[in-house]
Amino acid sequence: MKVSDILRVKGSTLFTVTPDETLLVAVNTMAEKDIGSLVVMEHGELVGMLTFREVIQAIVANGGSVGSTLVRKAMDGNSVTCTSETELDEIRRIMLERHTRYMPVMDQRMLMGVISFYDVAKAVVESQNFENKMLKAYIRDWPEEDTSGSN
């Protein structure tokens, strides 16, 4: 299974923010859209990710408020990316290794979407459920052994 399989099911809705937006605007967008991350784009280029983790760290650093902090100051500017062709096993490994919950999907320099740890887990579970159903159907349709002793 590849990242493109997840994006096909998930859809192509993307939410972005610029690095010069205030954190308050970004947090309001995240709350309104019920999302855990925003892709930070500047002049059509990916420059980082803003997740609830960075928001919480910024709030703590500001003594409990977002104040007038800019997204640029709070964002993760070293976000790891993948492509549509990246295999799901590789994504799981990277996300676990880097403690990443959200990963932008880039094809060359174009943002194709964002996949979350939840998206990956859901795809794995659905794939396993499908395999289990196929195995059960195969076993159910298996010819019974003749135990009567006659050939």
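Note that full-length UniProt numbering gives residue 68 to position 68 of the sequence shown, counting from 1, and the numbers run on in steps of one. Ideal Cβ positions, reconstructed from N, Cα and C, are used throughout, including at glycine.
Its chain contains M95, T100, R101, Y102 as the residues whose beta carbon lies nearer than 8 Å to that of F117, once the 5 sequence neighbours on both sides are disregarded; these appear in chain order.
About 13 Å separates the Cβ atoms of S4 and E90, ruling out a contact at the 8 Å cut-off. Straight-line spacing of the CA atoms in R53 and V125 works out to 26 Å.
For G11, the closest of P143, G113, I139 by C-alpha to C-alpha distance is G113. Boundaries cannot be given for E85, as no alpha helix (DSSP H) includes it and DSSP labels it neither H nor E.
Among the bridge pairs identified by DSSP, G48 is matched with V40. Under the three-state reduction of DSSP output, D76 falls in the strand class.
G67 and A61 have their C-alpha atoms spaced approximately 10 Å apart. For the 8 Å CB-CB criterion, S65 and I56 do not form a contact. DSSP places T16 in the strand class (E or B) of the three-state scheme. Taking the CA atoms as reference points, Q108 sits about 30 Å from E32. For E42 and R8, the gap between their C-alpha atoms comes out near 26 Å. Using a Cβ distance threshold of 8 Å, M75 and G48 count as a contacting pair. Separation of K122 and L14 (C-alpha to C-alpha, rounded to the nearest whole angstrom) is 19 Å.
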